[in-house]
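Heads up: the structure comes next, in structure tokens.
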Ligand SMILES: Nc1ncnc2c1ncn2[C@@H]1O[C@H](COP(=O)(O)OP(=O)(O)OP(=O)(O)O)[C@@H](O)[C@H]1O
Ligand SMILES: [Mg+2]
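Chains as they are written, first to last, in the working numbering: chain A, 1 to 337; chain B, 1 to 234.
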């Protein structure tokens with residue numbers, strides 16, 4: 001019995017909790033991608049770098065606040081700095097829309113042009129971020145480290161395995177729940193939210209109903225910038241802030257949006273967790289787990305790891321390819337890319 | 001003076017003219033029907049009247065006011081509503097949300113109008129929480145017409161409202177459209193089921209290659225041997 005409990009705690013500690021946190025971060029990222037796809041009808045390759053851009057401002061505002069002695073200990077100062085990053089990301093999103101995307105929208109350019117343009121925007125943002133804050137790892141997390149410590153958990157339960165819940169993980173999950181609930185309420189209940197869904201569903205009919213495309217597009221960018229910054233900040237607090245990692249996150253985020261059904265907000269959230277759980281379960285070494293649950297004679301020799309962690313992006317890639325081959329609309333029947 | 005009138009409309013999609021000096025008019029409380037072969041430009045004429053196709057010549061007049069330069073959205077504000085031939089509902093949204101979107105430009109309380117739509121199409125009330133895309137063809141057309149009615153338009157334009165519905169449902173839809181006309185709305189519709197549509201029409205237009213071939217009362221067109229032979233299948 002105790003072995004089973006130990007095995008459960010072990011899996012929770014190394015698979016469930018990290019995947020929940022990572023999945024939440026992907027879900028927030030994928031929501032932004034899916035929203036832009038639904039309204040502007042292109043896959044925004046600049047989304048990862050938008051995350052980096054917004055987070056960079058959060059990092060700098062955090063440093064400034066730390067220097068000025070501002071603190072909300074035990075919570076990380078970054079939470080206080082979040083609005084600055086959001087404002088910056090929303091501003092740069094609206095600015096690029098004005099300066100770049102609007103031109104192609106007025107010309108009714110095909111989606112492929114938009115995608116290529118967004119790759120250009122991606123390089124630009126990438127360059128700006130590297131120039132301003134540099135390409136290196138930056139730490140900006142402070143406040144308490146843990147909500148639940150391994151040692152305390154062991155003492156409280158008497159098990160030999162411990163469960164840790166980092167504050168950043170708990171925060172990620174809580175903030176994601178709050179943000180997702182707020183976003184869905186907005187989309188389902190508010191007049192503007194309904195207009196956005198209508199525009200995404202049937203652009204011509206939405207125009208005939210009097211929906212203003214400029215307003216819908218403005219809201220889409222504002223929400224995407226906000227979500228990107230929140231996702232990026234939570235990821236940065238949980239891991240660390242390094243611009244290149246945010247570019248790499250684009251792959252699992254796209255996989256999440258597409259597996260759920262692109263253009264479909266619920267799909268983006270579900271997709272985020274699917275990708276995260278796949279990645280973590282495939283790269284976890286099950287040796288210790290098997291020692292707990294399997295009979296003595298089955299003791300594994302190796303690590304029992306399906307894929308080494310360096311290859312974790314292959315998981316997203318495989319998911320992406322399989323979905324596009326087998327069910328291009330994704331789980332929730334979004335649009336076909 | 002007609003409530004809504006497209007006069008000498010000439011224009012198309014940028015290339016060759018699809019419409020050539022085409023004139024369509026409808027009075028308040030009356031039903032006007034446009035019939036004609038596939039590709040005649042019936043939908044184009046509707047779009048031109050609604051401002052979705054540019055006109056090189058001619059004008060559109062609503063209640064004595066020249067609206068040729070207005071955008072489709074502004075025409076909605078002026079009291080026009082349009083049910084396009086394709087993509088006429090928000091498939092992923094519920095019936096109720098479709099109606100709400102119809103009333104998007106209204107800032108007053110539109111619950112009364114929604115009740116009226118539900119009275120006209122009782123089935124929609126039962127299905128109000130269902131996605132429009134999950135409904136049958138006939139029900140979807142009812143949603144489409146209901147959405148257009150939500151602005152309480154003076155002029156309602158319907159492009160093939162009975163496309164893809166069964167004969168029984170079609171009869172019922174025609175009855176509803178007659179009812180809408182009797183309530184004082186000017187109804188302009190394009191119909192594939194020409195004979196039946198002309199039988200409820202006050203005015204009929206036969207359009208061929210973007211030109212008016214025949215214009216008369218519905219009754220007279222139905223009685224016209226030539227029209228019967230060429231356009232109504234005998
Ligand atoms: N968006 C468009 N761009 C360019 N040409 C178009 C467009 N839509 C229609 N056309 C052309 O305009 C002509 C008239 O088309 P329209 O749709 O008005 O015909 P219709 O009378 O409504 O036909 P149907 O009975 O099939 O609905 C056709 O030759 C068609 O190919
Ligand atoms: Mg047509």
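No residue lacks a Cβ here, since even glycine has one placed at the ideal position from N, Cα and C.
To the nearest angstrom, how far is it from the Cα of residue i to the Cα of residue j?
i: residue 239 of chain A; j: residue 62 of chain A; result: 16 Å
i: residue 269 of chain A; j: residue 224 of chain A; result: 14 Å
i: residue 218 of chain B; j: residue 206 of chain A; result: 33 Å
i: residue 107 of chain B; j: residue 19 of chain A; result: 46 Å
i: residue 199 of chain A; j: residue 250 of chain A; result: 25 Å
i: residue 89 of chain A; j: residue 228 of chain A; result: 8 Å
i: residue 69 of chain B; j: residue 56 of chain B; result: 12 Å
i: residue 83 of chain A; j: residue 76 of chain B; result: 39 Å
i: residue 17 of chain B; j: residue 9 of chain B; result: 10 Å
i: residue 149 of chain A; j: residue 262 of chain A; result: 38 Å
i: residue 123 of chain B; j: residue 199 of chain B; result: 26 Å
i: residue 154 of chain A; j: residue 130 of chain B; result: 51 Å
i: residue 15 of chain B; j: residue 52 of chain B; result: 15 Å
i: residue 30 of chain A; j: residue 20 of chain B; result: 50 Å
i: residue 48 of chain B; j: residue 102 of chain A; result: 26 Å
i: residue 39 of chain A; j: residue 3 of chain B; result: 36 Å
i: residue 99 of chain A; j: residue 202 of chain A; result: 26 Å
i: residue 344 of chain A; j: residue 68 of chain A; result: Here chain A has residues from 1 to 337 only, and residue 344 of chain A is not among them.
i: residue 26 of chain A; j: residue 267 of chain A; result: 12 Å
i: residue 328 of chain A; j: residue 317 of chain A; result: 14 Å
Is residue i near ligand 2, judged by its Cβ being under 8 Å from some heavy atom?
i: residue 130 of chain B; result: no
i: residue 53 of chain B; result: no
i: residue 191 of chain B; result: no
i: residue 25 of chain A; result: no
i: residue 211 of chain B; result: no
i: residue 134 of chain B; result: no
i: residue 238 of chain A; result: no
Using only CA atoms, which one of the options lies nearest to residue i?
i: residue 235 of chain B; options: B:88, B:69, B:127; result: Residue 235 of chain B is absent from the model: chain B starts at 1 and stops at 234.
i: residue 163 of chain B; options: B:192, B:228, B:155; result: B:192
i: residue 387 of chain A; options: A:8, A:241, A:321; result: Nothing about residue 387 of chain A can be reported from this structure: the residues present for chain A run from 1 to 337 only.
i: residue 83 of chain B; options: B:7, B:204, B:189; result: B:189
i: residue 202 of chain B; options: B:177, B:213, B:15, B:226; result: B:177
i: residue 12 of chain B; options: B:209, B:131, B:32, B:30; result: B:209
i: residue 30 of chain B; options: B:52, B:5, B:37; result: B:5
i: residue 331 of chain A; options: A:196, A:54, A:151, A:273; result: A:273
i: residue 78 of chain A; options: A:138, A:44, A:317; result: A:138
i: residue 193 of chain A; options: A:176, A:215, A:51; result: A:215
i: residue 95 of chain A; options: A:22, A:116, A:121, A:75; result: A:121
i: residue 135 of chain A; options: A:230, A:245, A:254; result: A:245
i: residue 276 of chain A; options: A:67, A:22, A:7; result: A:22
i: residue 3 of chain A; options: A:49, A:254, A:15, A:295; result: A:295
i: residue 53 of chain A; options: A:10, A:87, A:313; result: A:87
Please confirm whether any heavy atom of ligand 1 lies closer than 8 Å to the CB of residue i.
i: residue 73 of chain B; result: no
i: residue 13 of chain B; result: yes
i: residue 44 of chain B; result: yes
i: residue 331 of chain A; result: no
i: residue 38 of chain B; result: yes
i: residue 200 of chain B; result: no
i: residue 18 of chain B; result: yes
i: residue 30 of chain B; result: no
i: residue 85 of chain B; result: yes
i: residue 41 of chain B; result: yes
i: residue 207 of chain B; result: yes
i: residue 204 of chain A; result: no
i: residue 159 of chain B; result: yes
Legend entry - Members of the region 205–219 of chain A near chain E, C-beta cut-off 9 Å: Although the question refers to chain E, the structure presented lacks it and instead comprises the protein chains A and B.
Legend entry - beta strand (DSSP E) segments (min. 3 residues) lying fully within the region 131–199 of chain A: If we require 3 residues or more, the beta strand (DSSP E) runs fully inside the region 131–199 of chain A come out as 146–148.
Inset, instruction - Anything in the region 146–164 of chain A with a Cβ closer than 7 Å to a Cβ of chain B? List those residues in chain order, please. - result: Residues are counted here when their Cβ sits less than 7 Å from a Cβ of chain B; for the region 146–164 of chain A the count is zero.
Inset, instruction - Could you list the residues in the region 102–129 of chain B with a C-beta less than 7 Å from some C-beta on chain A, going in chain order? - result: Cβ contacts with chain A come from 102, 104, 105.
Legend entry - Residues from the region 169–199 of chain A in contact with chain B, defined by Cβ distance under 8 Å: Under the 8 Å Cβ criterion, the region 169–199 of chain A contributes 191, 194, 195, 197, 198.
Inset, instruction - May I ask you to list, following chain order, the residues of the region 76–97 of chain B that have a beta carbon less than 8 Å from some beta carbon of chain A? - result: So the close ones are 76, 77, 82, 84, 87, 88, 89, 90, 91, 92, 93, 97.
Inset, instruction - Using a Cβ-Cβ cut-off of less than 7 Å, list which residues of the region 61–73 of chain B approach chain A; keep chain order. - result: Within the region 61–73 of chain B, the residues whose Cβ lies closer than 7 Å to some Cβ of chain A are 72, 73, listed in chain order.
Inset, instruction - Let me know the alpha helix (DSSP H) ranges lying completely inside the region 215–264 of chain A, each 4 residues or longer, listed in chain order. - result: Listed in chain order, the complete alpha helix (DSSP H) runs (minimum 4 residues) inside the region 215–264 of chain A are 243–248, 250–260.
Inset, instruction - Mind checking the region 40–60 of chain A against chain B and listing, in chain order, the residues whose C-beta falls within less than 7 Å of any C-beta there? - result: If the cut-off is 7 Å between Cβ atoms, the region 40–60 of chain A has nothing near chain B.
Legend entry - Contact residues within the region 196–214 of chain B, judged by C-beta distance below 8 Å to chain A: Cβ contacts with chain A come from no residue of the region 196–214 of chain B.
Inset, instruction - Using a Cβ-Cβ cut-off of less than 7 Å, list which residues of the region 5–23 of chain A approach chain B; keep chain order. - result: Answer set for the region 5–23 of chain A: empty.
Legend entry - Length at least 4, wholly inside the region 1–79 of chain B: the alpha helix (DSSP H) runs in chain order: As for any alpha helix (DSSP H) of minimum length 4 sitting wholly inside the region 1–79 of chain B, the runs are 42–49, 72–77, ordered along the chain.
Legend entry - Near-chain B residues of the region 121–139 of chain A (beta-carbon distance less than 8 Å), N- to C-terminal order: Listed in sequence order: no entries.
Inset, instruction - Anything in the region 70–101 of chain A with a Cβ closer than 7 Å to a Cβ of chain B? List those residues in chain order, please. - result: Here the close residues number zero.
Inset, instruction - Scan the region 155–183 of chain B for residues whose Cβ lies nearer than 7 Å to a Cβ of chain A and list them as they occur along the chain. - result: Within the region 155–183 of chain B, no residue qualifies.
Inset, instruction - Kindly provide the ranges of any alpha helix (DSSP H) runs that are 4 or more residues long and lie completely inside the region 51–130 of chain A, ordered along the chain. - result: As far as the region 51–130 of chain A is concerned, its whole alpha helix (DSSP H) runs of at least 4 residues are 77–96, 102–106.
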